[in-house]
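For my numbering, count along the sequence shown from 1 and bump the result up by 3.
By construction, the Cβ of each residue, glycine as well, lies at the ideal position given by its N, Cα and C atoms.
Below: one structure, written as structure tokens.
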Amino acid sequence: MEMRAVSDVPTGPQWQYEPKWDGFRCLAFRDGREVVLQSKAGQPLGRYFPEVVDALSRLRTKTFVLDGELVVPIAGALSFDALQQRIHPAASRVTMLSKATPAWYLVFDLLDEDRHDLVDLPLEERRARLESFAAQLDGETLRLSPATRDRKVVDGWFARVGGALDGVIAKRADAAYASGTRDAAVKVKRVRTADCVIGGFRYAKGSRTQVGSLLLGLYDDAGLLDYIGFCSAFPAEEKRALMERLRPHVGEPGFTGGAPDTAPSRWDRGQDRDKSYVKLKHDLVLEVAFDQVTAGRIRHGTRPVRWRLDKAPRQCTVEQLATPDRALALLE
């Protein structure tokens with residue numbers, strides 16, 4: 004079941020609310036001794052998370068289908084970077100990581116139990132069945148994700164864990180499991196902003212007259228400008244005007260700390276993709292909106308908010324990306 008992105012948490016008695024976890028969406032199938040983990044894209048995940056497969060194989064119920072999220076907790080926080088590291092081709096490393104950074108499976112839906120197909124039942128009935136099923140979860144590797152019909156509880160989640168909550172999922176309590184569609188659930192992501200220095204730019208593909216993306220930087224503790232992400236979501240007419248804004252600032256120093264990757268990516272599939280960039284002086288500050296940070300970099304592209312002519316570039320530091328992660332408190 005997919006989720007449609009919206010800007011505000013919906014209200015009304017027909018909605019069930021759940022925390023949005025920062026992990027891999029995962030369906031878990033068990034048929035007797037066989038346990039299969041499958042990603043949202045249909046890819047097998049079981050070989051990468053043997054500890055989750057083992058925990059599912061020890062449940063009393065022998066046949067079921069669950070929907071949930073794979074996460075990796077480290078020092079009381081969820082680490083998406085550590086989760087990504089779990090996808091490794093070497094069996095020896097998979098075994099080592101399953102012990103060094105064990106994953107949790109946070110369960111939020113029950114689709115089949117003892118060969119009884121539940122997908123056509125309304126969510127409120129599936130949730131009741133899931134809560135009964137969850138009595139056999141070990142509470143360690145396998146955990147029940149919280150849910151509520153009370154909108155005030157959602158406000159309490161945000162008050163309790165603050166910016167650590169990745170967002171909220173709202174599902175129609177009266178709806179069946181709408182596989183492959185976005186009709187029965189919405190997601191509201193927590194949006195943050197940061198004032199970033201423009202350390203450089205890349206040209207649009209096939210052009211030397213139009214900007215493709217701005218490269219964003221923040222100063223680290225050593226006073227060096229580290230690359231932290233990019234911004235390309237400008238209207239076409241504004242992209243054409245960007246070159247005039249940037250041209251007076253072309254020149255050294257660009258990124259003086261961590262720099263953007265200029266090597267060919269394994270995802271380029273042999274394409275000759277130019278990853279070079281034009282360096283800019285540290286003069287321009289742009290406020291951008293973003294939702295997720297991994298290993299000190301904004302995970303996805305950002306959205307421009309406004310140019311900060313009033314902000315000194317040296318005030319733009321990496322502390323803006325720091326968020327104490329207390330989201331696991333919702334599982335206590």
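- Gly-220 and Val-164 have their alpha carbons spaced roughly 28 Å apart.
- In the structure shown, Tyr-280 falls within a coil segment according to DSSP collapsed to helix, strand and coil.
- In the structure shown, Glu-240 adopts helical secondary structure according to DSSP, grouped into three states.
- Closest in C-alpha terms to Ile-172, from the list Gly-209, Gln-318, Asp-25 and Trp-310, comes Asp-25.
- In the three-state reduction of the DSSP assignment, Trp-160 falls in the helix class, which pools H, G and I.
- Per DSSP, the continuous alpha helix (DSSP H) segment holding Pro-53 begins and ends at 53-60.
- Spanning the alpha carbons of Lys-192 and Gly-170 requires a straight line of approximately 4 Å.
- Counting of Cβ neighbours within 10 angstroms places Gly-15 among the exposed residues, the total staying below 16.
- Contact between Phe-293 and Gly-232 holds: CB atoms are separated by about 7 Å, below the 8 Å threshold.
- In this structure, Val-55 places its C-beta atom within 8 Å of the C-beta atom of Ala-106.
- Taking the Cα of Thr-259 as reference, the smallest distance to any Cα among Ala-31, Leu-227 and Pro-238 is reached at Leu-227.
- For Arg-28, the pairing in a beta bridge is given by DSSP as Glu-72.
- Taking a 10 Å sphere around the C-beta of Ala-187, we find 16 or more other C-beta atoms and assign the residue as buried.
- Nearest in C-alpha terms to Leu-168, of all of Arg-309, Ala-315 and Val-296, is Val-296.
- Residue range 288-293 is occupied by the beta strand (DSSP E) that includes Ala-292, with no alpha helix (DSSP H) assigned at that position.
- A Cβ-Cβ separation of about 4 Å places Arg-7 in contact with Arg-185 under the 8 Å criterion.
- Around Gly-304, the same chain offers Phe-233, Cys-234, Ser-235 and Ala-236 as residues with beta carbons nearer than 7 Å, after the five sequence neighbours per side are excluded.
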